[in-house]
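Residue numbers (the UniProt record's numbering): 1 to 173. Don't be surprised by glycine CBs; every beta carbon is placed ideally from N, CA and C. Quantities reported herein were computed from a predicted structural model and do not represent experimental measurements. Contents: one structure, followed by commentary.
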Amino acid sequence: MRQRSFVNFKVYCSKELCFIKSIDASDLISDAKTLCKMFLEIVEIVDLSNVLQLITNNTGNNKVVGRLLNWKYPNILWSPRATHCINLILKDIGEISHVECGFSITVFVYNHKWTLSWLRRREGWTKICRPTETRFVTTFIALKSLHDHKCDLQAMVTSRKLIAWNGSKMTKA
Numbered sequence: 001m002r003q004r005s006f007v008n009f010k011v012y013c014s015k016e017l018c019f020i021k022s023i024d025a026s027d028l029i030s031d032a033k034t035l036c037k038m039f040l041e042i043v044e045i046v047d048l049s050n051v052l053q054l055i056t057n058n059t060g061n062n063k064v065v066g067r068l069l070n071w072k073y074p075n076i077l078w079s080p081r082a083t084h085c086i087n088l089i090l091k092d093i094g095e096i097s098h099v100e101c102g103f104s105i106t107v108f109v110y111n112h113k114w115t116l117s118w119l120r121r122r123e124g125w126t127k128i129c130r131p132t133e134t135r136f137v138t139t140f141i142a143l144k145s146l147h148d149h150k151c152d153l154q155a156m157v158t159s160r161k162l163i164a165w166n167g168s169k170m171t172k173a
């Protein structure tokens, strides 16, 4: 909420996940060299003999950090965080034109009183979920919601009342 950048260092051992420390990196230059220094400090705290793997997100700087650490300590394996990779895949899918079209439908419905009023009068009508900017998976929750409302949306589009509505002449409609 405050637009700060934190780096959390956690260590997983055979018994549990342990928090080591958190660094407010908002004022730091987040280049690979600076990040590598932070990771090397953690390796020293934990002791090299206890470090097997470094898991980060998949940004370019972190890839370089992984290579630098692996060069210095060949026994340390760098791995991208799976959730970050999946989010990148979902982001790319969300940018496909017919997927973006689904957002246009939701925006149109919620930006026009007539369409929203018509749909709200449908028996069993529930809100259409809207995607958010922050999480890519919400794209697919919103698309599923549109799919769940498919019959109501089709009924509205074929309704004689829609044709009589002034807004139906708009290109977006």
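| Check | Outcome |
| --- | --- |
| Close Cβ partners of Met1 (< 6 Å) along its chain, the five nearest in sequence each way excluded | Low confidence applies to Met1: its pLDDT is 48, below 50, so where it sits in the model is not reliable enough to give any reading. |
| Inter-stretch contact (C-beta, 8 Å, three-pair minimum) for the segment 111–127 and the segment 158–173 | yes |
| Every unbroken alpha helix (DSSP H) within the segment 93–127, with a cutoff of 4 residues, ordered by chain | 97–111, 113–120 |
| CB contact flag (Leu88, Asn58, <8 Å) | yes |
| DSSP state of Asn75 mapped onto helix, strand, coil | coil |
| Residue range of the beta strand (DSSP E) that includes Val11 | 6–12 |
| Classification of Leu17 by the beta-carbon crowding that lies within 10 angstroms, buried from 16 upward | exposed |
| Rounded C-alpha distance that separates His149 from Asp24 | 44 Å |
| Proximity of Arg81 and Thr106 at Cβ, strictly below 8 Å | no |
| Cutoff 8 Å: Ser159 Cβ touching any chain C Cβ | This model lacks chain C altogether, as it is built from one protein chain only. |
| Beta carbon of Ser5 nearer than 8 Å to that of Ser26 | yes |
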